[in-house]
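Undergrad: Structure in structure tokens, see below.
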Amino acid sequence: MSEKLLNAESLTVHFARAGFLRRSHPVKAVDGVSISLNAGEVLGIVGESGSGKTTLGKAVIRLIEPTSGRIKFMGIDITRAKERELRKLRKHMQIVHQDPYSSLNPRMRIVDIIGRPLVIHGLVGSEKEKRERVAELLRKVGLNETLLFRFPHELSGGQRQRVSIARAIAPMPKLIVLDEPTSALDVSVQAQLLNLLRAIRSELGVSYIFISHDLSVVYYMSDRIAVMYAGKIVESGSADELFFNPLHPYTKLLLSSIPQPDPKKRIDITIEGEPPSPVSPPPGCRFHPRCPMAMEDCRKVDPEPIEVEKGHFVSCLLYRDKA
Ligand code: SF4
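Take 76 as the starting number for the sequence shown in our numbering and just add one per residue.
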């Protein structure tokens with residue numbers, strides 16, 4: 076697990092807004108984020124809705140144009156690569172979207188939905204070969220091949236998401252961005268899909284960027300975790316470090332809000348206040364208006380990441396003496 080698959084440095088994604096005054100105040104969805112991923116590794120990205128995690132996931136595989144920064148994938152700088160140059164790499168960069176109801180073309184049959192990347196990347200030579208390969212992929216994701224000629228509306232939500240996963244693994248990618256892949260599904264279906272994703276990862280050795288608002292799900296799936304808040308990563312480290320030794324006040328609050336089955340262990344803390352506007356985030360530490368530990372300096376100083384333990388980084392002024 077040492078070969079670097081992905082390296083994104085100082086990535087920003089700012090969206091222009093319509094109107095003269097608004098143009099000079101873009102939406103800063105991702106603001107100076109660096110992440111890396113080894114071959115076969117799972118990086119979890121966790122944060123509240125609007126933290127920029129989905130935008131980051133899409134930007135690193137160039138489904139969204141980064142505003143600045145640098146992205147290297149499989150050793151190739153793809154930051155400004157044209158679509159023609161990206162085409163060869165696309166089969167290695169796949170995505171599974173959150174909503175299985177809107178991510179599948181309702182007019183296409185399952186055989187064509189899953190078979191499309193096989194055809195686009197020239198991985199099958201005939202219709203028969205495509206059908207056989209798609210039937211094999213359906214079995215791999217726990218579906219019956221009798222679904223080959225069905226349409227998406229004839230499937231349940233869980234089945235549709237399995238189809239999305241089959242489509243993503245069809246070209247044998249090196250990286251799949253999983254954008255909240257189970258959050259639109261029932262709890263029992265969620266657990267089955269998470270186990271399926273873990274089994275696929277073990278079998279194919281594929282890397283995941285696993286995006287979720289749920290820290291317990293991210294912990295279950297990931298080797299390393301990055302916590303995002305208002306377009307920045309505020310803490311990152313191994314999944315165990317983050318889960319059992321959280322340092323940033325925001326990570327601690329996310330952890331304390333995980334429902335505990337044992338009522339004696341339950342700590343019902345909700346994170347007070349709303350996430351800041353991505354157009355005009357607060358000065359200093361972006362978390363300061365909601366942080367129970369905020370000090371005077373937090374309003375003025377934007378904390379840099381500090382490596383507190385090997386591989387465990389935190390951006391918080393409480394740890395500045397460890398820099
Ligand atoms: Fe809280 Fe200050 Fe740390 Fe920000 S820098 S998380 S406001 S203590």
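Built from N, CA and C at the ideal position, the CB exists for glycine as well.
Using the Cβ count rule (16 or more neighbours within 10 Å means buried), how would you classify V309?
TA: Its Cβ being crowded by 16 or more others within 10 Å, V309 is buried.
Undergrad: Decide yes or no for the touch test of the segment 230-245 against the segment 203-217: beta carbon pairs closer than 8 Å, at least 3 of them.
TA: Contact holds: three or more Cβ-Cβ distances are below 8 Å.
Undergrad: Which residues does DSSP list as the beta-bridge partners of L17?
TA: What is shown of the chain runs 76 to 398, which leaves residue 17 out entirely.
Undergrad: May I ask you to report which of helix, strand or coil DSSP gives Y283?
TA: Three-state DSSP puts Y283 in a strand.
Undergrad: At a threshold of 8 Å, does V309 count as lining the ligand SF4 (C-beta to nearest heavy atom)?
TA: Yes; taking the cut-off as 8 Å, the Cβ of V309 has a heavy atom of the ligand SF4 nearer than that.
Undergrad: With three or more beta-carbon pairs closer than 8 Å as the criterion, would you say the segment 170-188 touches the segment 245-255?
TA: Yes, they touch.
Undergrad: When every heavy atom of the ligand SF4 is checked, does at least one fall within less than 8 Å of the C-beta of L317?
TA: Result no, Cβ not under 8 Å from the ligand SF4.
Undergrad: Under the assumption that P353 contacts G125 (Cβ atoms under 8 Å), give the Cβ distance between them as a whole number of angstroms.
TA: Rounded, the Cβ-Cβ distance is 7 Å, consistent with contact.
Undergrad: Out of R92, D315, A301 and L223, state which residue places its alpha-carbon closest to the alpha-carbon of T129.
TA: For the residues R92, D315, A301 and L223, the minimum Cα distance to T129 belongs to A301.
Undergrad: Can you tell me whether G197 is helix, strand or coil according to DSSP?
TA: Reduced to three states, the DSSP call for G197 is coil.
Undergrad: I'd like to confirm the pairing. Which residues does DSSP put opposite V252 in its beta bridges?
TA: Beta-bridge pairing links V252 to I170 and I284.
Undergrad: Should G122 go down as buried or exposed, given a rule of 16 or more other Cβ atoms within 10 Å for buried?
TA: Answer is buried; the Cβ neighbour count reaches 16.
Undergrad: Does H228 pass the burial test, meaning 16 or more other C-beta atoms within 10 Å, or should it be called exposed?
TA: Exposed is the call here.
Undergrad: Could you pull out every residue in the same chain whose Cβ sits closer than 8 Å to the Cβ of V376, ignoring the five residues on either side in sequence?
TA: Excluding positions up to five away in sequence, the list reads G359, C360 and L392.
Undergrad: Output needed for V105: all residues of its chain with C-beta closer than 7 Å, excluding positions within five of it in sequence on either side, in chain order.
TA: For V105, where only same-chain residues beyond five positions count, the Cβ hits under 7 Å are L86, T87, V88, G127, T130, L131, A134 and G306.
Undergrad: May I ask you to check if the CB of H288 is nearer than 8 Å to at least one heavy atom of the ligand SF4?
TA: No - the ligand SF4 has no heavy atom lying nearer than 8 Å to the Cβ of H288.
Undergrad: Grouping DSSP H, G and I as helix and E and B as strand, with all else coil, what is M149?
TA: Of the three classes helix, strand and coil, the one that applies to M149 here is coil, per DSSP.
Undergrad: Taking only heavy atoms of the ligand SF4 into account, decide whether any of them is closer than 8 Å to the Cβ of D396.
TA: No, the beta carbon of D396 sits no closer than 8 Å to any heavy atom of the ligand SF4.
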